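Engineer: Using the working numbering, read the sequence shown as starting at 2 and increasing by one per residue.
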Amino acid sequence: MPATGNPFTGAYAPVRDEVTVYDLPVTGTIPDDLNGRYLRNGPNPIDPGAPGRPHLFAGTAMVHAVRLRGGRAKWYRNRWIRSAAVAEALGERPRPGAAVRIGDVGPNTHVIGHADRTFALVEGGFRPYELSYEIETVGATDFGGTLPDGFAAHPKLDPATGELHAITWQRAGCDRLRHVVISPYGRVVRAADIPAPHMPVVHDMALTPRHVVVYDLSVTVDPVSDVARKPFPVMWNEARGARVGLLPRNGTEVRWFDVEPCFVFHTLNAYEDGHRVIIDVVRYPRMFIGSALNSPDSPTLDRWELDTLTGEAKETRLDDRPQEFPAVNPAVIGRAHRYGYSAVASALLRALGPADALDGSPPTASGDALIKHDVSQQSTVVRAFGDGHYTGEAAFVPTAEARAEDDGYLLVLVFDPGRGATDLVILSAEDFTGPPVATVHLPVRVPAGFHGSWIPDPV
Ligand SMILES: [Fe+2]
Numbered sequence: 002m003p004a005t006g007n008p009f010t011g012a013y014a015p016v017r018d019e020v021t022v023y024d025l026p027v028t029g030t031i032p033d034d035l036n037g038r039y040l041r042n043g044p045n046p047i048d049p050g051a052p053g054r055p056h057l058f059a060g061t062a063m064v065h066a067v068r069l070r071g072g073r074a075k076w077y078r079n080r081w082i083r084s085a086a087v088a089e090a091l092g093e094r095p096r097p098g099a100a101v102r103i104g105d106v107g108p109n110t111h112v113i114g115h116a117d118r119t120f121a122l123v124e125g126g127f128r129p130y131e132l133s134y135e136i137e138t139v140g141a142t143d144f145g146g147t148l149p150d151g152f153a154a155h156p157k158l159d160p161a162t163g164e165l166h167a168i169t170w171q172r173a174g175c176d177r178l179r180h181v182v183i184s185p186y187g188r189v190v191r192a193a194d195i196p197a198p199h200m201p202v203v204h205d206m207a208l209t210p211r212h213v214v215v216y217d218l219s220v221t222v223d224p225v226s227d228v229a230r231k232p233f234p235v236m237w238n239e240a241r242g243a244r245v246g247l248l249p250r251n252g253t254e255v256r257w258f259d260v261e262p263c264f265v266f267h268t269l270n271a272y273e274d275g276h277r278v279i280i281d282v283v284r285y286p287r288m289f290i291g292s293a294l295n296s297p298d299s300p301t302l303d304r305w306e307l308d309t310l311t312g313e314a315k316e317t318r319l320d321d322r323p324q325e326f327p328a329v330n331p332a333v334i335g336r337a338h339r340y341g342y343s344a345v346a347s348a349l350l351r352a353l354g355p356a357d358a359l360d361g362s363p364p365t366a367s368g369d370a371l372i373k374h375d376v377s378q379q380s381t382v383v384r385a386f387g388d389g390h391y392t393g394e395a396a397f398v399p400t401a402e403a404r405a406e407d408d409g410y411l412l413v414l415v416f417d418p419g420r421g422a423t424d425l426v427i428l429s430a431e432d433f434t435g436p437p438v439a440t441v442h443l444p445v446r447v448p449a450g451f452h453g454s455w456i457p458d459p460v
């Protein structure tokens with residue numbers, strides 16, 4: 002994708018219709034311990050012909066959902082999230098809390114389950130939107146009046162406490178980050194300021210048993226831009242350097258560790274090893290060069306080791322192949338992991354990086370792929386989907402009786418060019434290159450997008 006062109010073509014071309022289809026055809030056998038919904042969020046411009054320069058991060062949000070129950074694929078739905086602008090475009094009443102705000106396209110980045118509710122998320126000062134089980138928009142939420150400002154795209158659920166941790170930032174007029182914790186019952190129980198007058202852009206964070214890991218990297222809010230000219234007003238700011246902070250979970254003082262200038266969208270995982278804190282991330286040497294979403298470099302899987310005795314950070318490369326959308330078994334978030342999963346998602350990498358990012362030394366023979374990383378053995382396994390089969394982030398779901406870290410399923414959307422529609426592919430994480438456990442054939446194409454979750458049904 003050229004940096005100045007329209008990103009919403011090809012794999013990102015929006016779909017025009019909201020559909021509801023029941024009892025989907027399936028190849029293979031859906032495991033009977035998968036009872037719940039797979040949801041995925043992403044930009045899907047409701048008015049692709051609108052004036053102005055479209056930006057991949059500024060498309061109105063659409064969520065896609067597949068419900069699995071009792072070994073069957075019960076339904077597929079896709080819905081635009083009714084932000085104020087979307088409700089108006091569709092001729093509908095505004096939803097509660099969906100106030101008109103400049104730049105508010107709706108939360109197009111992630112969708113999660115928490116406190117038996119469903120939330121769509123975006124960063125930069127906007128509130129989450131709550132969705133019903135059938136992914137209709139309930140409205141914007143401030144968690145019962147407890148959320149002071151906006152929320153974040155990538156909160157981390159602590160599997161030990163059930164608390165949801167996030168680092169939030171605001172697009173404008175704000176000189177701080179904020180550590181926000183949401184209780185298992187859906188109330189903000191902590192909102193601690195972190196001074197940041199240079200206004201860093203913070204897409205993700207990490208969690209360990211004792212610390213919140215804060216990314217203060219080389220991308221900051223562009224204070225002179227306006228959203229008409231630059232819908233995602235951020236800029237590469239190498240002069241700021243880059244640093245990674247450890248904030249005690251209940252503390253106020255961040256201990257910072259200098260790292261090489263870079264930007265990180267996504268964390269694979271982090272954990273503590275004695276006096277060291279280990280953080281695995283997908284790292285860009287540069288990002289948001291000039292006025293566009295653009296990196297001249299490909300992202301790689303890297304490791305930061307923060308030594309709390311010496312105050313120094315050691316940086317190493319785990320995998321130099323271009324990749325994104327890192328994921329782990331959610332049971333090991335904040336704890337030492339052996340396995341990680343990432344995507345060689347060509348549409349995203351071409352959108353974020355140089356057009357030839359995949360042409361030099363492609364990690365697979367052809368097309369999109371998933372990579373399974375064994376960081377303890379420093380080995381990887383690649384599963385390719387083939388030419389034209391564009392894919393994205395995989396969601397790891399442990400089996401009901403999981404006995405090993407990779408005893409689970411990977412749920413991932415894969416476009417089938419033969420059908421002109423998308424499949425929900427269920428892989429065995431252990432038998433990573435074996436035949437899919439099941440393939441659910443959706444009735445329509447799902448555009449390439451951002452993040453999703455498996456949300457088990459309440460028990
Ligand atoms: Fe993200």
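Virtual Cβ for every residue (Gly too), placed ideally from N, Cα, C. In this text, all values refer to a predicted model and were calculated from it rather than measured experimentally.
1) Should P26 go down as buried or exposed, given a rule of 16 or more other Cβ atoms within 10 Å for buried?
2) Taking all protein chains shown into account, decide if E394 is buried (16 or more other Cβ within 10 angstroms of its Cβ) or exposed.
3) Please work out which residues of its chain come closer than 8 Å, Cβ to Cβ, to P46, disregarding the five sequence neighbours upstream and downstream, and give them in chain order.
4) Can you give the Cα-Cα distance for G246 and V235, rounded to whole angstroms?
5) Would you tell me roughly how many angstroms separate the C-alpha atoms of V181 and L148, rounded to the nearest one?
6) What is the DSSP secondary structure of G11, reduced to helix, strand or coil?
7) Please report the straight-line C-alpha distance between I280 and H155, rounded to a whole angstrom.
8) Any heavy atom of ligand 1 closer than 6 Å to the beta-carbon of F1?
9) Within its chain, find whatever has a CB closer than 8 Å to the CB of D33; leave out the 5 residues flanking it on each side and keep chain order.
10) Give the straight-line distance between the Cα atoms of F451 and T309, rounded to the nearest whole angstrom.
11) Suppose you measure from the CA of Y342 to the CA of V255; what does that come to, to the nearest Å?
12) For E306, collect the residues of the same chain with a Cβ closer than 6 Å to its Cβ; drop the 5 residues on either side in sequence, then sort them by chain order.
13) Comparing C-alpha positions only, which one of W170, A161 and E164 sits nearest to A153?
14) Report the CB separation of I136 from R83 in whole angstroms; it is logged as a contact under 8 Å.
15) Compute the beta-carbon to beta-carbon distance between A396 and G453, rounded to the nearest angstrom, for a pair I have assumed lies under 8 Å.
16) Looking only at its own chain, which residues have a Cβ that is under 8 Å from the Cβ of H111, when we skip the five neighbours before and after it?
17) Note down, one range per segment and in chain order, each beta strand (DSSP E) of at least 3 residues found wholly within the region 156–233.
18) Any idea what DSSP makes of V382, helix, strand or coil?
19) Is DSSP giving F152 helix, strand or coil here?
Structural biologist: Reading it off the structure:
1) Its Cβ having fewer than 16 others within 10 Å, P26 is exposed.
2) The residue is buried, with at least 16 neighbouring Cβ atoms inside 10 Å.
3) Answer for P46: F9, P15, P55, G60 and T61, listed in chain order.
4) A straight-line Cα-Cα distance of about 21 Å links G246 and V235.
5) Going from the Cα of V181 to the Cα of L148 covers about 8 Å.
6) Helix.
7) If I take the Cα positions, the gap works out to 15 Å.
8) One cannot answer for residue 1 here, as it falls past the ends of the chain, which runs 2 to 460.
9) Cβ contact annotation for D33 (same chain, cutoff 8 Å, sequence separation greater than five): G71 and G72, in chain order.
10) If I take the Cα positions, the gap works out to 34 Å.
11) In a straight line, the C-alpha of Y342 is about 30 Å away from that of V255.
12) R277, I279 and K315.
13) Sorting W170, A161 and E164 by C-alpha distance to the C-alpha of A153 places W170 at the top.
14) Cβ atoms of I136 and R83 stay farther apart than 8 Å, at about 11 Å.
15) Right, the Cβ-Cβ distance comes to about 6 Å (below 8 Å), so this counts as a contact.
16) A distance below 8 Å between beta-carbons, with the five flanking residues on each side excluded, links H111 to the following residues of its chain, in chain order: N42, A121, L122, V123, A154, H155, F451, H452, G453 and S454.
17) The region 156–233 contains these whole beta strand (DSSP E) runs: 165–169, 177–183, 189–196, 212–217 and 220–222.
18) Reduced to three states, the DSSP call for V382 is strand.
19) Reduced to three states, the DSSP call for F152 is coil.
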